[in-house]
Every structure is written in C-alpha cells, then in structure tokens.
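One structure below.
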Amino acid sequence: VRRDMQTLGTLFHTDEWLLDYETGEILGVEKMLVMVKYTAQQSFLAPFTDAEPYDTRVTERWKEYLLVVRSSGDMDQPLLVQFYKNRGILQKDASIRENTLDFTFTHRCTASLYSNLDKSIALTVPVSNGLYIYILKTHTQSASVRWLSLFRSTLGEVNDGRFYITVPDLHTSLEIHIPRDRYDELVDESRQMGKGLDLCLHNRTVTFATTPILAYLIDKCLEQLQRGQSPEQAELLTAWKRDKTQLNLVLRDHDRIEWIDNHTQAFVYSRWLSHAGFSLELRPLTHYPRETKVDVLHEPEKIEGFLCLLTTRKGHTRRRLMGTPAVKLVYFFSCENLLFKVKFFRAVPPLPQVGLINADGSIPNKEALLALLNTMDDVYTHSVYRLDTTGQLDFLRPETSVSAFQEHDTNAFYEAERKIKQVVKAGEVLDMCDIDHIIPVMSEEVDRLVRLECKYVWQGVASTEVKEADVIGGVFEIVMRNGCRIRLQTSTSLLRDEWVLRLTAMKDYWTARKGADLRLMSEVRQRNLDQLGVDEYDESCVGAFPWEKSNYVSSPELYNVSAAAMTSAVSMSGVLFQKPKKHASFKKYFVVLAPGLLILYNYYDRSASGNVVLTSGHPHFLTIALSECYVYSGNTTSLDLLKRDTAFDSSNPGFQGLPRIYSDGWKSSEQEPARCFTLWFGKKRAMSGKNHKVALNEAKGKKSAPKNPGIVKIVSRLGVTGNSMVFMARSAQEKDLWVTKLLYEIER
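Reminder that position 269 of the sequence shown reads as 269 in UniProt numbering, one-by-one numbering, no gaps.
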C-alpha cells in the first residue's frame, strides 16, 4: 500500500508537466560520457554511489554519446532515454532501437549522484536478473544538476521550499521556508538573469549582484540571526556589518567547499542535495590569503621586463657552435609564485597607454609606440585596478560616468587577456620557492665577448673595444636550491638592483605563504582524523553516513573563491604525476592551471643514458585545452590504472596503499584511485554537415538558417572509446583541490 501511494503521488506530479509533451517529443539533448555497469543485486535502498556497496562489472566502458530524453506518453514509464552515435536526431521518435543502450525510465529506476566531486550521475535500471547502472558524466557541473533534477522530478521529488542552512562561524543551523508562489517567482527571476555581472550600490559600496534566490536566502538568514542572537553571535554580526563582509552560500561535502555563483545556482533548486550528503552553509567570501600571519609578510608587487640570459638551464655559460659565448634576449614576468620565461618576440609588456600593442602581440600604430618608448621611465608601476581609500576600485564609484566606466573596464579586460596569453606563450617556468638566493655579479666576472654583445643588445652599438665607462654593470644571478645558477643582465645597474630586490622579496614571501598553506592543509586533515578516530587510509573511505560528513572540518582558505572569480592568470600550480595511457608509467610534471588551459612542464631533463640532469627551470611540454574534455575521479579512475600492489597484508587485509613521506613533510597513504583523476578526450573525428545540424536544431525547437549551408566541419566521433590522461596527486586532499578548480574552469 505504501508503494502504491508513492506511485500515485508520483503520477500526479508528473502529470503537471509531462502531459504537456507529445509522445516521442524531446525533453533534453546533450553530449555526455557514458559507462554501463551490471550487478546481480536485484534492488537496494541506498543511492548507488562510487562507494559501490555491491560487486559490479563493466559492460560498456567510457564512450561519448548524444543523450536524448523523450516523453514516452506512458505515465508508468514516463521517459525514453536514447543514446545516439550520430548527430542526425529525429524530432519525434518513441521506439527503442535494437543493439543500442536505449531504455525506458520507469518509477522502479533510481537517479542519484555517483560522485559528489565530479558530479557524475548514476541511473539504476532493473532487469529480470539484476540491475544495470548507467553512469553519466556531463561536461559541466550545472548540466549535471539539471539532468539529475529532471530524472528525480520524474520520480516524484518536489522541492517544498525548505532550506536547512548552517552558519559555521556562529555554530548554528537555520531553517528557511519560501512559500511556493514566492519560490517560483525567485526561480524565474534567477533564470532570466543574464550571464554577465551586474553591479549594485549599497551604502556607497559597489558590489556584484547575486541572483534573486541566493540574495533572498542570505537576507532571510541574517534576519533570523538578528532575532535570536547570543552575545557571541551579536559581536560577529556587528563585525560583518562594520567590515562590509560579503556573504555567500556554499556546498560542503566532507572537508571540501564549493562556492555557489550565478553559474551553479541550480544547486539550491534541488532537494536531492541533502540525500547526496551536501550541507548548505552561509560563509563570508574568502579569497586566497595575500599575507602571512606568523612572520607578517605582505605580497610584493609583481615584476616583468626584458633581460639578457647568459647561461643555459643547466647553469653553464651559453655558447655558440664554435664555442664563443652567446647572449639570448628573453622576457621574464612573475605571476603568483611562478617566474615565466617568454621569447622576446612573443612578449607583450605592459604600457602606460593601452592600445599601442594588442594582447596577441600585433602593433596597430608603430609610430605612436616608438614615441611612447622614447619618453618612458626605466621603472614604472602599472595597475588597472587602483583602489581608493575605502578599498574599492576607484572607477566603481557612483559618480563615474558610463563612458569612463567602459574605458576602465576595457583596460581591465585587456590586462587580464594579456596576462593569460603571456602564460600560454611561456616556454619555461620557474618556481620561486625553489630559489635559494639572488645576488648581484661584478662586471669583471663576465666574459669580455659577453659584455660586447650585451652592449650591442641594450645600446645598439657594435664595437670591438669595451671601455670602463661603457661597461653595463647590470648582471645578477639566481641561485637555485639544487645548485643551478641563472645569470641575467639588465640594461642598467639601477634595473639590476630593482630585479634583485623584488625577486628576493617575492622568494621570501612565497616560501612562507606556501609553507603556511601546507601547514593549514595538514592541520585540517589531522583534526578530521582525530574527530573520526580513523587513520589516513580509512579516511579516504569515509562518507557513507551523513553524521560522518557533518563531523568534518573545512577551511575556506584552502577552497577559496579566487579560482572561481579568476583573480589571477594562474588558478593553481604544483607537481602532478601523469601517464597518457593505462599501460604507461607515471612521469613527474610541473602543472599550471590557467583559465581554460592545463599546461604541463617537464620536471626534469634527462641525459642520453636516461639519468636525471638538474636544471634551473621546467621547460614546456604540453598544453591541454579544457573546452572539449571531461573530468572524472574516484572509483571510475581505477579502470585506467594497473593493479600493481598485490601483496597481502594479514594485519590490514585489502589495503594496497604505500605510505609516503615527501621532502616538505607531507605524508599520505591512500591508494592510487583515491589520489587520481582523469581527463578524457574524444579520439576519432567525423565529418558533420548541414543536415545533421538542421535535425539537431529542429529537435531543440530552433529554426535552422546556417549562413554557409555547404560547409562541413570536423567533430568528435560518438560511440567510440577516447583518449584518457591520468593524473595522480600526492594525496586525496590535493586531488580534490585540482578537480574542484578544473571544474570551475570547465564551467567558465
């Protein structure tokens, strides 16, 4: 009887919107990654997640399909799920094709998040002798939420407008109820809100507007906190108001935090969040710290400019084929804790006047550029984000005109684009935390031919004699911790002193800053281990029960909002181990995550015999575009790994992890799948013409009017296996950070 009542309620709910569609009409279309598993278990109560409480086997490996969901016209089996290998989709089709993965989604099926980290979806479909599990991986997190909401609403899930929000800083929980009519209005207003950023003025402070539903929830939380506040809560609320602290909603899973913005606002629409183990929390917006607390150091100003490189990456004097010394003009610039090296003809230096050099390096007005260069100082400060006395951007004031705002906004966009393209063009990167010290070098220690060549580079004078008055004393050395040296020369001694001073300050700051980040990550992990009473290996397996997740401690400084806000041209950097295929060996790389790109640099150079050769920097190896790739992690990554650890440990049966300790003191003992994530790419290509495009657009209800009807394009082939690149971090915590920020970039 209880099951009949649930089915009856589901039918009434699905009638509200499914009956508006004709039989075979399309409800949704999207390209996604699909894996199919089978288990002999007939049914189970808990949602199917990557913990996989039952034995399963893979019947269909990861392949890319065009997923089409149609209305079946039958309320007992309301949805028809089809998997297309081509892009020729019929506008109406209510049949299950032979030799395909198609199935009907009935009320006996279930839909849940397979992985809370990468937001893959698990659909369980019962058959006569077991269950088939369809694991769907969408390109973005927001798309995953939309699809899961579609399936769960078909099963009868209704959002009753109740939100349970925790305020960790105040150690309290709130229940916010939104009336149904008001809830529908807020959702419609939020969905109609554009993808751009809207500015709002409040108490002469300009802030970025959030969507109506997020703003409503935050306001209601503050109202409840004001009514029933304790002295400690009143003090914190007063501090928030005094400091004009911006608050935002986040999703917490274990010790991981995901910030909800206008792109991912669909997370709060669905009721399944609580079932998936997420906690909705109210926290102050926290950016990446720009100072250290123990020895108070503030982030120094960045530096960039042209330098003469006198040594190779191994620290030897640069020489030509005949053995004579050589000088190479390069462009160095700093970004976060990294020092990038770019070829001089690809560099785009910052100029006081915007528009003389485009972000791609082209020069629209050569005469104006030469006139500016003749009047420029050797050292000048360049910033398009100047702050006023209140800490606000000076052009975000109420009295700023529209034309002035657009001009400043254009300059800011140009500067962001210039920095990102500089990072992409870099042929080598240097971690300033690996620097031991920077010292000036006397001119007498430099070879005579080198001084002649540097004189020609900086002054344009070719001479066979070097007089004492003409000697350029701008040489300095960067000494690495591994003993390698980088000898550089500037055009004047004043510039050399500037480079030595700024690089030394940045080296000291970033060494302290990265050390503080490592200590914070270690402290958070140790607190969670102590509260749960488990070790490092068991900690990677925890997560089946809500009470276990609620006991976790998280740090907004680790999972800060800077990556989502794109405050820097480098979202994250560090060491990862990568292999291009399953039966390959992991190799060590220095990896940089830039907006839309993942850049790999070789960590070592190797001799002809294969031995490691110490070098000063890391040369560029590979740039990966994130626009067409999928990211998955956890249990599904184990299919891309070899089972190497087969030794049996009688004291800990089933454990296959190898305890590891690193030079910076970090320790971990998780198994490989807990530390790995995979980037999947379509391998084969196919031709796509106008007919397929017309069919797909008509299926979406759009009019097809291509400008070039005879043009075909190359697209990824569907229904085939692709290429997968496996990345392994030092620990599960670092892996979570990488995957979270990768998903931010893909969502962008």
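Glycine residues also receive a C-beta, built at the ideal position from the N, C-alpha and C atoms.
Residue environment, residue i, which counts as buried when at least 16 other CB atoms sit within 10 Å
i, result
"Phe44", "exposed"
"Pro352", "exposed"
"Glu609", "It should be pointed out that residue 609 corresponds to Ser in this sequence rather than to Glu. With fewer than 16 Cβ atoms within 10 Å of its Cβ, Ser609 is classed as exposed."
"Ser144", "buried"
"Gln265", "buried"
"Met432", "buried"
"Ala699", "Model confidence at Ala699 stands at a pLDDT of 42, short of 50, so the residue's coordinates are unreliable and nothing is read from them."
"Met442", "exposed"
"Leu614", "exposed"
"Thr636", "buried"
"Leu593", "buried"
"Phe151", "buried"
"Leu249", "buried"
DSSP state of residue i mapped onto helix, strand, coil
i, result
"Pro231", "helix"
"Tyr601", "strand"
"Gln246", "coil"
"Thr490", "coil"
"Lys683", "coil"
"Leu8", "Caution is warranted here: a pLDDT of 30 is assigned to Leu8, below 50, making its placement in the model unreliable, and no coordinate value can be reported."
"Thr100", "coil"
"Met480", "strand"
"Ala584", "coil"
"Lys507", "helix"
"Ile165", "strand"
"Ala563", "helix"
"Gly533", "coil"
"Gln82", "strand"
"Cys433", "helix"
"Lys137", "strand"
"Glu628", "coil"
"Glu223", "helix"
"Tyr21", "coil"
"Glu428", "strand"
"Arg319", "strand"
"Ile439", "strand"
"Val591", "strand"
"Ala705", "In this prediction, Ala705 scores a pLDDT of 47, lower than 50, which makes its location untrustworthy; the coordinate-derived value is nonetheless stated afterwards. The answer is coil: DSSP assigns Ala705 none of H, G, I, E or B."
"Gly130", "strand"
"Ala368", "helix"
"Pro325", "strand"
"Lys455", "helix"
"Asp74", "coil"
Terminal residues of the alpha helix (DSSP H) in which residue i lies
i, result
"Gly673", "The sequence given here has Pro at residue 673, not Gly. Taken as a continuous stretch (DSSP letters only), the alpha helix (DSSP H) holding Pro673 covers Glu672 to Arg675."
"Trp62", "Here Trp62 belongs to no alpha helix (DSSP H); instead the beta strand (DSSP E) covers Arg57 to Ser71."
"His408", "Val402 to Lys425"
"Glu258", "Premise fails: Glu258 lies in the beta strand (DSSP E), Arg256 to Trp259, not in any alpha helix (DSSP H)."
"Lys89", "A quick correction: the sequence has Ile, not Lys, at residue 89. Premise fails: Ile89 is in no alpha helix (DSSP H) and is neither H nor E."
"Glu189", "Arg180 to Gln192"
"Gln578", "Gln578 -> not in any alpha helix (DSSP H); beta strand (DSSP E) instead, spanning Met572 to Lys579."
"Leu393", "Run containing Leu393: none; DSSP gives neither H nor E here."
Expected contact under 8 angstroms - CB spacing of residue i and residue j to nearest Å
i, j, result
"Leu123", "Ala111", "5 angstroms"
"Val330", "Lys341", "5 angstroms"
"Leu495", "Met521", "Not quite, the Cβ-Cβ distance comes to about 38 angstroms (not below 8 angstroms), so this is no contact."
"Gly634", "Pro659", "Rounded, the Cβ-Cβ distance is 21 angstroms, inconsistent with contact."
"residue 753", "Ser120", "Beyond the ends of the chain as shown, which are 1 and 748, falls residue 753; an answer cannot be given."
"Cys335", "Leu282", "Not really, about 33 angstroms apart at Cβ, beyond 8 angstroms."
"Val739", "Leu641", "Not a contact, Cβ separation roughly 16 angstroms."
"Thr140", "Glu747", "5 angstroms"
Where the beta strand (DSSP E) containing residue i begins and where it ends
i, result
"Thr381", "Element bounds for Thr381: n/a, residue is neither H nor E."
"Ile746", "Unbroken run through Ile746 is the alpha helix (DSSP H), Ala732 to Glu747; no beta strand (DSSP E)."
"Lys341", "Leu338 to Lys343"
"Lys151", "The displayed chain sequence assigns Phe, not Lys, to residue 151. No beta strand (DSSP E) contains Phe151, which is instead part of the alpha helix (DSSP H) from Gln141 to Thr154."
"Lys643", "Per DSSP, Lys643 belongs to no beta strand (DSSP E) and is neither H nor E."
"Lys37", "Ile26 to Thr39"
"residue 749", "Past the edges of the chain, shown from 1 to 748, lies residue 749, and the structure says nothing about it."
"Val127", "Ile121 to Val127"
"Val726", "Asn723 to Met728"
"Glu175", "Thr172 to His177"
Chain D contact for residue i (CB, 7 angstroms cutoff)
i, result
"Val187", "No chain D appears in this structure, which consists of one protein chain only."
Distance cut-off 6 angstroms: residue i Cβ against heavy atoms of the ligand MG
i, result
"Ala371", "This structure lacks the ligand MG, and indeed carries no ligand of any kind."
In chain order, each beta strand (DSSP E) run of at least 3 residues that lies wholly inside the region 278 to 309 | Segments of the beta strand (DSSP E) lying fully in the region 278 to 309: 279 to 284 and 304 to 309.
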